[in-house]
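Undergrad: Counted from 1, the sequence shown has number 98 at position 98 by the UniProt record's numbering; the numbering is strictly sequential.
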Amino acid sequence: MATVLFNSSPDILGRSQLRQQLRHQRRQLTFYQQKQASRALIQRLQKQSFFKQAQKIGIYDAMDGELDITALIQQAHKSYYLPVLRRFPKQRLAFVRITSWHRLAKHRYGMKEPQYRPRLMIDDLDIVLMPLVGFDNAGNRLGMGGGYYDRSLAYQKKTTLVKVGIAHDCQEVGSLANMAWDIPLDVIVTPSRLLIT
Ligand SMILES: Nc1nc2c(c(=O)[nH]1)N(C=O)[C@@H](CNc1ccc(C(=O)N[C@@H](CCC(=O)O)C(=O)O)cc1)CN2
Ligand SMILES: Nc1ncnc2c1ncn2[C@@H]1O[C@H](COP(=O)(O)OP(=O)(O)OP(=O)(O)O)[C@@H](O)[C@H]1O
1 MATVLFNSSP
11 DILGRSQLRQ
21 QLRHQRRQLT
31 FYQQKQASRA
41 LIQRLQKQSF
51 FKQAQKIGIY
61 DAMDGELDIT
71 ALIQQAHKSY
81 YLPVLRRFPK
91 QRLAFVRITS
101 WHRLAKHRYG
111 MKEPQYRPRL
121 MIDDLDIVLM
131 PLVGFDNAGN
141 RLGMGGGYYD
151 RSLAYQKKTT
161 LVKVGIAHDC
171 QEVGSLANMA
181 WDIPLDVIVT
191 PSRLLIT
């Protein structure tokens with residue numbers, strides 16, 4: 001009950017409190033719920049024409065209860081890229097193609113990061129799948145708070161890049177404050193819904 005209250009009234013919580021609340025909620029999902037959610041989400045995603053048409057896809061290595069989308073990489077004829085954190089230029093993400101998981105070392109935040117090159121920028125991709133901490137039905141996004149995706153997207157020039165948010169259903173909130181630097185998502189996919197903004 002408390003959870004529902006929090007979700008429907010994000011205004012009464014600060015952005016960072018809301019983030020903590022939603023991250024906590026996502027970590028409460030059981031192993032089985034996570035498996036089901038991940039399977040349903042991947043199936044939904046693979047049916048979409050924007051996904052079928054894409055060649056270069058930005059993914060992420062799930063952590064902290066995020067939806068695991070790594071099974072996607074079993075699909076041939078597409079290439080998959082993981083984000084790499086770097087300080088310069090201006091804390092934008094770079095993307096590195098992955099061909100195998102076990103060679104990858106973990107970043108101190110817990111997700112795998114390829115250390116090799118070449119590194120691409122976000123607008124070299126056709127689609128970027130972004131893990132969300134929270135979202136609303138207008139396509140506003142709440143992330144981990146590092147501003148990494150926002151900063152990367154701010155320099156994006158390619159207009160055809162499809163910006164896709166990936167989240168559990170329980171991460172939807174009534175409405176999120178739209179920060180000046182926020183770049184709205186084109187699509188949000190959850191295990192049970194497809195939201196086109
Ligand atoms: N799986 C995944 N990969 C991702 C992201 C993500 O949200 N999920 N990112 C999305 O931007 C970027 C990384 N950004 C991140 C920002 C903060 C934290 C984090 O865990 N912060 C800790 C504090 C850690 C510390 O300072 O020592 C925390 O908030 O508890 C993790 C990732 C790129 N890769
Ligand atoms: N285009 C930008 N230029 C400079 N700073 C930015 C830009 N975008 C975001 N930031 C900074 O990043 C910080 C985090 O932003 P915000 O709280 O929106 O993170 P987030 O979107 O939740 O996280 P993430 O993008 O990592 O998923 C903010 O303090 C903001 O000042």
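Ideal Cβ positions, reconstructed from N, Cα and C, are used throughout, including at glycine.
Mind checking M130: buried by the 16 CB within 10 Å criterion, or exposed?
TA: As a position in the sequence shown, residue 130 is number 130, starting the count at 1. M130 is buried by the Cβ-count criterion.
Undergrad: Mind reading off the beta-carbon distance from D126 to K56? Whole number of angstroms is fine, and I expect it under 8 Å.
TA: For the purposes of this step, residue 126 is identified with residue 126 of the sequence shown, where counting begins at 1. For the purposes of this step, residue 56 is identified with residue 56 of the sequence shown, where counting begins at 1. Yes, D126 and K56 are in contact; Cβ-Cβ is about 5 Å, under 8 Å.
Undergrad: Taking 6 Å as the cut-off, is the C-beta of G65 nearer than that to any heavy atom in ligand 1?
TA: Your numbering for residue 65 matches position 65 in the sequence shown. Outside the cutoff, so no.
Undergrad: I believe V164 touches V133 by the beta-carbon criterion, under 8 Å. Please report the beta-carbon distance rounded to the nearest angstrom.
TA: Here the question's residue 164 lines up with position 164 in the sequence shown. Here the question's residue 133 lines up with position 133 in the sequence shown. Not quite, the Cβ-Cβ distance comes to about 15 Å (not below 8 Å), so this is no contact.
Undergrad: Measuring CB to CB, does Y148 end up less than 7 Å from L93?
TA: Here residue 148 is taken as the residue at index 148 of the sequence shown, counted from 1. Here residue 93 is taken as the residue at index 93 of the sequence shown, counted from 1. Result yes, Cβ atoms of Y148 and L93 sit closer than 7 Å.
Undergrad: Quick check on DSSP: helix, strand or coil for R39?
TA: To locate residue 39, count along the sequence shown from 1; it is residue 39. R39 falls in the helix class under three-state DSSP.
Undergrad: What residues match up with Y80 in a beta bridge as DSSP calls it?
TA: Position 80 of the sequence shown, counted from the start, is the residue given in the question as residue 80. Answer by DSSP bridge pairing, in chain order: I57.
Undergrad: Does the stretch 105-125 come within contact of the stretch 81-89, defined as at least 3 CB pairs closer than 8 Å?
TA: The stretch 105-125 vs the stretch 81-89: in contact.
Undergrad: Looking only at C-alpha atoms, which of Q25, I73 and Q36 sits nearest to Q46?
TA: Counting from 1 along the sequence shown, the entry for residue 46 is found at position 46. Closest option to Q46, Cα to Cα, is I73.
Undergrad: Are G173 and D150 closer than 7 Å when you measure CB to CB?
TA: The residue given as residue 173 occupies position 173 in the sequence shown. The residue given as residue 150 occupies position 150 in the sequence shown. The displayed chain sequence assigns Val, not Gly, to residue 173. Not in contact: V173 and D150 (Cβ atoms no closer than 7 Å).
Undergrad: Note down, one range per segment and in chain order, each alpha helix (DSSP H) of at least 4 residues found wholly within the stretch 129-169.
TA: Listed in chain order, they are 148-154.
Undergrad: Could you tell me the boundaries of the beta strand (DSSP E) in which L194 lies?
TA: Position 194 of the sequence shown, counted from the start, is the residue given in the question as residue 194. Unbroken beta strand (DSSP E) run through L194: L194 to I196.
Undergrad: Would the beta-carbon of residue 200 fall within 7 Å of that of A76?
TA: Examination of residue 200 is not possible in this model, given that the chain is present from 1 through 197 alone.
Undergrad: Can you check whether the C-beta of K52 is within less than 7 Å of a C-beta belonging to chain C?
TA: Although the question refers to chain C, the structure presented lacks it and comprises just one protein chain.
Undergrad: Under a Cβ-count criterion, where at least 16 other Cβ atoms within 10 Å of its own Cβ denotes burial, should V4 be classed as buried or exposed?
TA: Start at 1 with the first residue of the sequence shown, and residue 4 comes out as number 4. The predicted position of V4 is uncertain, since its pLDDT is 42 and thus under 50; a value taken from the coordinates is nonetheless stated next. With fewer than 16 other Cβ atoms within 10 Å, it is exposed.
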